[in-house]
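Residue numbers (the numbering used here): 4 to 188. From the three backbone atoms N, C-alpha and C, an ideal C-beta is built for every residue, glycine too. Have a look at the structure below, then the notes.
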């Protein structure tokens, strides 16, 4: 018996099984969130916007804090964003984490651009986030070369986003892109 080959074969099979489960779980999550988003949208039309807050309170009590008012609004936003598009093929290729990065973007063309990049370049959520920093670098370089005068201070890029109901500021002054995060009280 070749123990190493047996060990390697079992570990490889396990890794393949885990990957298949991850893909199935991701697709299940996205399908569920899409369907729940649709239901939330319909409930909002029938009972008003306050129903989401009411459902969040009930769900937090019955299921746990995972389904807060903010989370339900994000799930509804996911549905509203993709209801007119063929989102199903994308579900298996991007994770919910990817979509959480993309949902704050208001322009559907920009979202589709980032989806395409994420799929084609197999970007993780963190790499997708770094795309924003890369975009800021392009703007900063343009300003430095075309707008900024020699006697002015170094150009900095600022990204303001909201995480966990707090505004977060991330900025870059380049030095080959260093980011700092601040919480605004």
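If we call anything under 7 Å between Cβ atoms a contact, is residue i one with residue j?
i	j	result
residue 40	residue 73	no
residue 43	residue 84	no
residue 105	residue 114	yes
residue 96	residue 66	no
residue 50	residue 62	no
residue 158	residue 146	yes
residue 54	residue 60	no
Where does residue i land, buried or exposed, given buried means 16+ other C-beta within 10 angstroms?
i	result
residue 98	buried
residue 6	exposed
residue 4	exposed
residue 14	exposed
residue 175	The pLDDT assigned to residue 175 is 49, lower than 50, so where the model puts this residue is not dependable, and the model offers no usable value.
residue 22	exposed
residue 150	exposed
residue 118	buried
Have a look at the options and flag the residue whose alpha-carbon is nearest the alpha-carbon of residue i.
i	options	result
residue 192	30, 149, 14 and 7	For residue 192 there is no data in the structure shown, the boundaries of the chain being 4 and 188.
residue 108	81, 86, 27 and 124	81
residue 88	33, 111, 100 and 68	111
residue 33	19, 77, 48 and 57	77
residue 38	56, 26 and 86	86
Check whether the Cβ of residue i sits closer than 6 Å to any heavy atom of the ligand ATP, and report yes or no.
i	result
residue 155	Absence of the ligand ATP is noted for the structure shown, with no ligands found whatsoever.
So that I know if they touch, is there some Cβ in chain C lying closer than 7 Å to that of residue i?
i	result
residue 9	Here chain C cannot be found, since the structure has a single protein chain.
- Query: At what residue ranges does the region 94–134 contain a whole run of the alpha helix (DSSP H), taking only runs of 4 or more?
  - Reply: 99–105 and 111–123
- In chain order, which continuous runs of the alpha helix (DSSP H) of length 4 or greater are located wholly inside the region 7–79? 53–65
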